[in-house]
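Notes follow the structure.
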Amino acid sequence: MGYDIEHNLFHLQDELVPELIVYVSDIKTGLKAILVVDNTAVGYNMGEITGNIADPALPNKEALIRAFARKIRHIIEYITGPDMGTSETEMAYIRDEIGRALGLPRVLRGIPFDEIDTTGFDVAVSAEVAAEFIDLDLNGVRLTVEGFGAVGKHAARFLGGKGMVLIAASDSKGTICNSDGLNVQELISVKEATGSLLNYKDGEKLLTTDRFNVGTDILVPAARPDIITESNADVPDAKLIVEVAKIPSTGEAENQLSERGVLCVPDFVANSGGVITAFVEYHGVTKQALKQIEATIRSNTREVLEVSREKGIIPRKAAESIAQNRISEAMT
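Going by my numbering, the sequence shown opens with residue 15, and the numbers climb by one from there.
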């Protein structure tokens, strides 16, 4: 009913009960293999684990989360944090079981990721820096958000605060579009109340697959991996893509987008607020979270894009190069 994949901790799979592991996909395994590099690119010596432990709709979700926690009790280096399908509530379950977790509710002296929206704030900061590299004035630019869940909706809100106009948003049910702009707060309310963006009244209803056909200036993929591939990389009509989902574009797709003049900010640069928040929370300086996120995101985005421009390589390759250099320096 859920899955968890590790990098350099594959022995853990033998420790988990069958109900907690359903499959190991190539996408998620590949994701595991780069996350240590990703976090090093952010500037923190932390590994990362991501995955679904339980389907959010399951009635026994709490039981599964608690069972998972008990199975990792003895792996003291394994400190969990919220990811797709989990929140501060599930982290509280784990903390209750084994005494360690990050992304906790404020009442447990944590930094509530969901409450302070770190994964939307970081995207807006990164987009602001990236826009300078293509001489794009953010005031009034068209914005499309693919995936309107916990991350996508907050990204839309923070990006709107920078002057962008949300003209299209999609979820698993479809795409809603209005060239004059969508009301972000109303869209969030409709999504939370009904479960579908298509119940928003003031917009054209399209298929989910139409999400990239809408002409836009900034595209934010905020759903699942590999939704932009070599087979559709010629479709997105945008000047800037700020990646929020983990690996939303394949390497070949990013090469093709670059050849078309589209700037792509990698997910682990633009959407690293959660990692930074976890690091800050772990070291007990919660009041500094947003300030540290902004400073780190601005610095890293600028460094990655400057190296990309200087070396004539795509931003993802630039970020990986920076991370590898940091790893090498740390090991010498």
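Note that the Cβ used here is the ideal one computed from N, Cα and C, for glycine as well.
- Message: For a test of the three-state rule: what should DSSP assign to residue 309, helix, strand or coil?
- Response: In the structure shown, residue 309 sits in a helix (DSSP, three-state: H, G or I).
Note to self: If contacts are defined as beta-carbon pairs under 8 Å, then residue 277 and residue 147 qualify, I think. What distance do you get, rounded to the angstrom?
What the structure shows: About 6 Å separates the two Cβ atoms, so the contact holds.
*asked:* Alpha carbons only, please: which of 222, 103 and 235 is nearest the one belonging to residue 159?
replied: The residue among 222, 103 and 235 with its C-alpha nearest the C-alpha of residue 159 is 235.
Residue 188 - containing beta strand (DSSP E), residue span:
Element bounds for residue 188: 188-191.
- Item | CA nearest to the CA of residue 249, picked from 267, 261 and 193 | When only C-alpha atoms are compared, the closest one is 267.
Quick one: which unbroken alpha helix (DSSP H) runs of 4-plus residues sit fully inside the region 215-283? Chain order, please.
For the alpha helix (DSSP H) assignment, the uninterrupted runs of no fewer than 4 residues enclosed by the region 215-283 are, from N- to C-terminal side, 265-273.
To the nearest angstrom, how far is it from the Cα of residue 285 to the Cα of residue 257?
-> Looking at the two C-alpha atoms, the distance is approximately 7 Å.
Mapping DSSP to helix, strand and coil, what is residue 4? This structure gives no information on residue 4, because the portion of the chain shown stretches from 15 to 346.
Nearest-angstrom Cα distance between residue 116 and residue 263? Rounded to the nearest angstrom, the two C-alpha atoms are 28 Å apart.
**Proximity below 9 Å, CB of residue 183 to CB of residue 211** = The answer is yes: Cβ separation under 9 Å.
So, at 8 Å on beta carbons, what are the nonlocal neighbours of residue 238 in its own chain, with the 5 sequence-adjacent residues on each side left out? Cβ contact annotation for residue 238 (same chain, cutoff 8 Å, sequence separation greater than five): 161, 259 and 262, in chain order.
Exercise. For residue 168, does the count of other Cβ atoms within 10 angstroms reach 16, so buried, or fall short, so exposed?
Worked result: That one is buried.
Which one of 308, 207 and 120 has the shortest CA to CA distance from residue 163? Its Cα nearest to that of residue 163, the residue 207 stands out among 308, 207 and 120.
- [ ] Tell me residue 182's beta-bridge partners as DSSP assigns them.
- [x] In the DSSP output, where bridge partners are listed per residue, residue 182 has 158 and 191.
Can you check which of these residues, 330, 320, 190 and 307, is closest to residue 139 by C-alpha distance? Nearest neighbour of residue 139 by Cα position, chosen from 330, 320, 190 and 307, turns out to be 307.
_Stretch pair the region 105-115 + the region 71-90: three plus CB contacts closer than 8 Å_ = Yes: the two stretches touch, three or more of their Cβ pairs being nearer than 8 Å.
Just how far apart, CA to CA, sit residue 85 and residue 107?
Spanning the two alpha carbons is a distance of roughly 13 Å.
| query | Excluding sequence positions up to five away, which residues of its chain have a Cβ less than 6 Å from the Cβ of residue 52? | reply | With a pLDDT of 46 at residue 52, under the threshold of 50, the modelled position of that residue is not reliable, and the figure given next carries that caveat. Close CB contacts of residue 52 within its chain, under the 6 Å cut and outside five residues either way in sequence, are with 282 (chain order).
What does the alpha-carbon distance come out to for the pair residue 174 and residue 72?
If you draw a straight line from the Cα of residue 174 to the Cα of residue 72, it is about 34 Å long.
- Task: Going by CA-CA distance only, name the one from 229, 328, 326 and 202 that's closest to residue 194.
- Result: Nearest to residue 194 by alpha-carbon distance, out of 229, 328, 326 and 202, is 229.
#### Entry: Counted within 10 angstroms of its Cβ, other Cβ atoms place residue 218 as buried (16 or more) or exposed
With fewer than 16 neighbouring CB atoms inside 10 Å of its own CB, residue 218 falls in the exposed class.
Can you tell which of 304, 247, 78 and 329 has its C-alpha closest to the C-alpha of residue 279?
If we check each option's Cα against that of residue 279, 329 comes out closest.
Checklist entry - Can you list, in chain order, the residues of its chain whose CB lies under 6 Å from that of residue 271, leaving out five sequence neighbours each side? => result Excluding sequence positions up to five before and after residue 271, its CB lies within less than 6 Å of the CB of 247 and 278, all in the same chain and listed in chain order.
- Straight-line gap, residue 242 to residue 337 (C-alpha atoms, nearest Å): Rounded to whole angstroms, residue 242 to residue 337 spans 24 Å at the Cα level.
Nearest-angstrom Cα distance between residue 205 and residue 309? Put simply, the backbone Cα of residue 205 is about 32 Å away from that of residue 309.
Would you tell me roughly how many angstroms separate the C-alpha atoms of residue 318 and residue 180, rounded to the nearest one? If you draw a straight line from the Cα of residue 318 to the Cα of residue 180, it is about 26 Å long.
For the alpha helix (DSSP H) that residue 168 lies in, which residues bound it at each end?
-> Taken as a continuous stretch (DSSP letters only), the alpha helix (DSSP H) holding residue 168 covers 166-174.
Worksheet item: Which residues bound the alpha helix (DSSP H) around residue 198?
Response: Bounds of the alpha helix (DSSP H) holding residue 198 are 198-208.
Minimum C-alpha distance to residue 172 - residue among 185, 188, 186 and 202:
Selected option, being the one with the closest Cα: 202.
field: For residue 79, the three-state DSSP class (helix, strand or coil)
entry: Three-state DSSP puts residue 79 in a helix.
According to the Cβ coordinates, are residue 188 and residue 165 closer than 9 Å? Between residue 188 and residue 165, the C-beta spacing is not below 9 Å.
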